[in-house]
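First the structure, in the form of structure tokens, and then the observations on it.
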Amino acid sequence: MFKKILIANRGEIAIRVMKACREMGIESVAVYSTIDRNSLHVRTADEAVWIGEAPPNESYLYIDAIINAVKETGAEAVHPGYGFLAENYLFAERCEKEGIVFIGPDSKALKLVGDKVASREVTEKEGIPLIPGMKDKSTNVDQCMSEAKKIGFPVLLKASAGGGGKGMRVIRSEGELKDAVEAGMREAQAAFGDPSVYLEKYIEKPRHVEFQILADKHGNAVHLFERECSIQRRHQKIIEESPSTALTDNLRKKMGEMALKVVEVSGYTNAGTVEFLLDENSNFYFLEVNARLQVEHPVTEMVCGIDLVHTQIRISSGEKLWFSQNDISQRGHAIECRIYAEDPESNFLPSAGKILYMKEPTGPGVRHDCGVYSGCEVSVYYDPILSKLITWAPTRNICCRRMAAALNDFPVLGIKTDIEFLRDAIVHPEFLRGNTFTDFIPVNMPGWKPEFSDNTLNKALLSAGLFSSIAAQKPAITGGVEEIPSPWRTMGDWEIGKK
Amino acid sequence: MEYEFLHGSEIYLIKIDGNLSGEYKALIADKEYHFSASNISPNEFSILLDRKNTKAYVAESDESFYVHIDGKIVRLDKPGAAAGGFGGAGGDFGAKDEISTPMPGKVVKILVNEGDRVESGQPLVIVESMKMENELKSPTAGEVVSVNFSNGDLVEPGQPIIKLNPSE
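Those sequence lines, one after another, are chains A and B. Per the working numbering, residue -11 is the first one in the first sequence, and the count goes up by one each step. Per the working numbering, residue 18 is the first one in the second sequence, and the count goes up by one each step.
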């Protein structure tokens, strides 16, 4: 087993991995950019190495700097988290050359599954169902136009090199195509350094259902059942759950087997996710393999009772999987809500700034994977995810209530977040019924505004008045000397009913 | 003690007094409230108003107070302080004759030229912030008076990227 692992990431996921390292008796190394000196991941690791300036390509995407940090600290392995270099086969290849273990699939499998067009070819040959789409990626608007006409509108534009919804757009007519393709290519270039895009048939009213898989280096592979991630905004997931309300045992079995087949034909090892679209008639289509630990991995951990990060590390160190498919079952229900610094009232526009105060929710069945704290700055340079709130309960109904209560008792003050929006989504009758489709938000919550009453306003005014009156009576500290005695002594002897 | 808070465009006056045992009375718009309050930690309050339990969290910035009540966040601005910065995104941010971004970003693409006639809701400029592209739309029909930035420029919140002469 490794003695030291460097985590080439930041925020909640870096902290999640560092905690797993600590549990396994492995030392952890953080890397950080200049503006991240005070970030929580730097304070969580055993060691921390500065790797560059704030822009990602000068720090978290800067392969040379990260490799140097590995060598300097004597780490034996690198965990890439998600995003940044997690699915960059050049980084995995470089690690292999330098004799550093990349905690993930090998560079060859990473290259194959990362290239959506190439992976389509391989999977198509094996009879894995696919959505009709372009055979080749493109950077040419005219070529995209003729392909789109062949496929038939509406079409979905995707970045060839990446995931996470970056660069993704629905194009409903010829007139929209040129602007959409150009914007998609720019976003793809900015996010992944490769502007290539491709188009596929857009399926209306689908669900997004994915299967978690684990494969060791000895030819053993298992799946850990599904996660349903249909609740999305800007084509990015914000609520995920397991099990899915849409799967029967039979369909679940079929999809699980298909997921394992994808893993087998791509020579994939470590933890990964096979994404499917499920239509209303229970037809499912293979989308892609996410060759990394997913943001939403905790719901699987809660339901299956398997720690995915521990398992990733053990697989990378050469261990055999110590359980088989028959040992894995789903128990209870888990939901994850992604807490983002963003404004749901303004098209989910990211919101940077200082978190003046926050308090994490707690309680039975509540897990909070968090990357921020009271007083920290949320930077404009990085993904606006702050944390992930996960609840587990024996039934979906209780799980929803538990999540709603946790979101209700989760103050984050000073920046905008999606917490109130998520709470309203969770308690929406359609969500409670399990009617979760990828168009859930535009259909059920268009133009969402937080509910607001005079009662809330009055209580807020009382609270702000209280805060101010107490602050006014606190001793002012100048040069370390208290000038005014205790506020309680200066408050006078006012009593109710006495003039 | 008396305090003024701005919520939206309304100013609210609140008179509040407390005694040593945490009993308070407050006056908001001629309505009197009697309640028990306790300062649990610098930002956290327990309020019993007519025996009903409320947890309140309050934080203060230079311009505003942020209050968390029953799962809702209320921003109360300090009158006189230059509040804002949050505003809306896209179409409804800032003055009607200026297009600016509510957060720092990079101008990805200017979509109009000086002298162009534009419709209300027409995309004028694409700005990238936090790795996402955002279209800033025209809040009004009118004419483009000036374009003050070029593709690739960095832009700060509130800086007018495009100035319009509204025709309405």
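Glycine included, C-beta positions come from ideal geometry on N, C-alpha and C. Remember, it's a predicted structure, so these values are computed and weren't measured experimentally.
When C-beta atoms of the region 82 to 93 of chain B are compared with those of the region 399 to 408 of chain A, three or more pairs fall below 8 Å, so the two segments count as touching.
Nearest CB-CB separation between Ala176(A) and chain B: not below the 7 Å threshold. Annotated three-state conformation of Glu162(A) is helix, per DSSP. Secondary structure note for Lys137(A): its alpha helix (DSSP H) is the uninterrupted segment 129 to 139.
Fewer than three Cβ pairs drawn from the region 243 to 256 of chain A and the region 304 to 311 of chain A lie within less than 8 Å of each other, which leaves the two stretches out of contact.
Close partners of Asn151(B) in chain A (Cβ separation under 8 Å): Asn335, Leu337.
In the structure shown, Glu348(A) adopts coil according to DSSP, grouped into three states.
Distance between Asp170(B) and Pro121(B), taken at the CA atoms: about 11 Å.
Among the residues of chain A, those whose CB is under 7 Å from the CB of Pro121(B) are Val368, following chain order.
For Ser304(A), the enclosing alpha helix (DSSP H) starts and ends at 296 to 304. In this structure, DSSP gives Pro286(A) a helical state, which the three-state scheme calls helix. Bounds of the beta strand (DSSP E) holding Ser16(A) are 15 to 21. Taking C-beta atoms under 8 Å as the contact rule, Met290(A) and Phe264(A) fail to qualify, at a distance of about 21 Å.
Neighbours of Asp87(B) across chain A, judged by C-beta separation under 8 Å: Asn396, Thr444, Lys447. Per DSSP, Cys364(A) lies in no alpha helix (DSSP H) segment and is marked neither H nor E. Closest in C-alpha terms to Ala2(A), from the list Ile373(A), Val400(A), Lys137(A), comes Ile373(A). Bridge pairing for Cys325(A): Ile227(A), Leu377(A) [DSSP].
Neighbours of Phe82(B) in chain A, taken as residues whose beta carbon is under 8 Å from its own, are Ala452, Phe455, Ser456 in chain order. By the criterion of a C-beta distance shorter than 8 Å, Asn60(B) is surrounded in its chain by Tyr74, Val75, Ala76, once the five residues flanking it on both sides are discounted.
For Glu284(A), the closest C-alpha among the options Thr299(A), Glu198(A), Ser47(A), Thr22(A) is that of Glu198(A). Using a CB distance below 9 Å, the part of the region 59 to 78 of chain B facing chain A consists of Pro59, Asn60, Glu61, Phe62, Ile64, Leu66, Thr71, Lys72, Ala73, Tyr74, Val75, Ala76, Glu77, Ser78, ordered along the chain.
Residues of the same chain with a CB within less than 7 Å of the CB of Leu165(A), apart from the 5 flanking positions on each side, are Cys132, Met133, Ala136, Ile159 in chain order. With 16 or more other Cβ atoms from the protein chains shown falling within 10 Å of its own Cβ, Ala36(A) counts as buried.
With fewer than 16 other Cβ atoms inside 10 Å of its own Cβ, Arg319(A) counts as exposed.
Taking a C-beta distance under 7 Å as the contact criterion, Ile(-5)(A) and Ile14(A) do not qualify as a contact pair. For Asp34(B), the beta-bridge partners assigned by DSSP are Lys42(B). Contact note: Pro399(A) reaches chain B through Tyr74, His85, using a C-beta cutoff of 7 Å and chain order. Taking a cut-off of 8 Å on C-beta distances, the region 424 to 431 of chain A does not touch the region 53 to 69 of chain B, as fewer than three cross pairs fall below it.
Taking a Cβ-Cβ cut-off of 7 Å, the neighbours of Asn56(B) in chain A comprise Ile458, given in sequence order. Between Gly40(A) and Ser27(A), the C-beta gap is not smaller than 7 Å, which leaves the two residues out of contact. Around the C-beta of Asn151(B), 16 or more other C-beta atoms lie within 10 Å, and the residue is accordingly described as buried.
Taking the Cα positions, Glu418(A) is about 38 Å away from Ile116(B). Identification of chain B residues near Phe440(A) by a Cβ-Cβ cut-off of 9 Å yields Lys89, Val91, ordered along the chain. For Val135(B), the closest C-alpha among the options Pro183(B), Gly97(B), Lys123(B), Ser167(B) is that of Pro183(B). For Ala65(A), the uninterrupted beta strand (DSSP E) segment begins and ends at 65 to 67.
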